[in-house]
Structure formats: C-alpha cells, structure tokens
Amino acid sequence: MITQAACPSCGAANRIAPGRPPEAAKCGKCGAALALAKPVEVDDAAFNLHLERTKGPVLVDIWAPWCGPCRAMAPQFEAAAGQLAGEARLLKINADTNAAPASLKVAGIPALILFENGREIARTGGAMPAAALSEWVRNRVVEASAAAARRGVA
Ligand SMILES: [Zn+2]
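According to our numbering, the stretch in the sequence shown is residues 1 to 154, in order.
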C-alpha cells in the first residue's frame, strides 16, 4: 500500500489516508492531483524525490522513444497504474535523457524495477500485459514482506 506519496507537481510528501479513493487524492500543499492511478513521467531529480518520499512500492519503467517494445508497453503500463492505484506508485523514466537508468545497470529496455521504501526488491524486462504486470508487482511485494518478516524473526 502507498501510505505516503510525493506530489508530481511540487514534490511535497503527502500522507495517503486509507479508505479514500486514490484517483481523487490531491496535494495538500499545491492542490495538484497526486496521480496515484496514472504513471508519472520523471527525470533524474524527480525519480530520486519519488523514491525518497514514497512510502510503499514504486515501479519504474525504463524506456526510450526509439524502442518499439517500450512503446508497445506504454498502454499496458498505463493500465497497470490504474489496476495498482493506491498499491504502488508507477514512474516512467526516459533512458536517453536521464542518468538514473544507466546507474541502475539494466541489460535492455523496457526494464521494470520495483522498489519498496527506496530499496530495490525485484526487476524484470520486456513488454508485459497489464494484468501480468500487476500480478508480478503484487507477488514481489508479498514475497519481500515475507522475507522481511523472516529476517525479523531470525
Ligand atoms: Zn503539490
């Protein structure tokens, strides 16, 4: 679940009240839509800001305009953002104009990297239908929290 999200417009950290429709969430500082049901296109600075200020899972789609499979993936990624509204924040970053994708050492694009509370928990690559992508995210989040619980017990 997303319990805190950065505003795509001003960057302010907003607490997300449980039980409220995520589609309607607005920034408490500037009033802009928090866009929890849509992918947010970010640059390096915004990418870092969202990773720092999001409490909950963040899925990043690394793409480039010349990449056919990336363009095919775009509507699926957008649909997945709707399916995962309130569960995960979805970001898109252009590998041609930003440095973060290179520092994440992806082998090819489209690449999908899942973070939780700023830490990478899983990655995958290639185009994927929206439903399969949403399921992948949910399963990885469940596994990561199970692993964290085991570490807590040990
Ligand atoms: Zn704002």
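Note that beta-carbon positions come from the ideal geometry of N, C-alpha and C, so glycine has one too.
Is residue i near ligand 1 - that is, is its Cβ less than 7 Å away from at least one heavy atom of it?
i: Lys29; result: yes
i: Ser134; result: no
i: Ser9; result: yes
i: Ala12; result: yes
i: Ala32; result: yes
Since residue i is in the beta strand (DSSP E), which residue starts that stretch and which ends it?
i: Glu120; result: Arg119 to Gly125
i: Pro75; result: Looking at the DSSP string, Pro75 is not in any beta strand (DSSP E); the run it does join, the alpha helix (DSSP H), is Gly68 to Gln83.
i: Asp61; result: Pro57 to Trp63
i: Glu87; result: First-last for Glu87: undefined, no H or E at that position.
i: Ile2; result: Note, Ile2: premise wrong, no beta strand (DSSP E); not H, not E.
i: Ala111; result: Ala111 to Glu116
Whose C-alpha, out of the options, is nearest the C-alpha of residue i?
i: Leu90; options: Ile121, Ile113 and Pro21; result: Ile113
i: Val58; options: Gly19, Ile109, Ala127 and Ile93; result: Ile93
i: Gln4; options: Pro75, Ala147, Asp43 and Asn117; result: Asn117
i: Leu51; options: Arg138, Ala32, Ala6 and Pro65; result: Ala6
i: Ala100; options: Met73, Glu120 and Asp43; result: Asp43
i: Ala102; options: Ile62, Glu78, Thr124 and Pro69; result: Ile62
i: Gly125; options: Lys105, Glu143 and Arg138; result: Lys105
i: Gly68; options: Pro39, Ala46, Gly28 and Ile109; result: Ile109
List the endpoints of the continuous alpha helix (DSSP H) containing residue i.
i: Ala102; result: Ala100 to Ser103
**OP:** Would you mind listing the beta strand (DSSP E) stretches within the region 5-44 that are 3+ residues and don't spill past its ends, in chain order?
**Re:** 13-15 and 40-42
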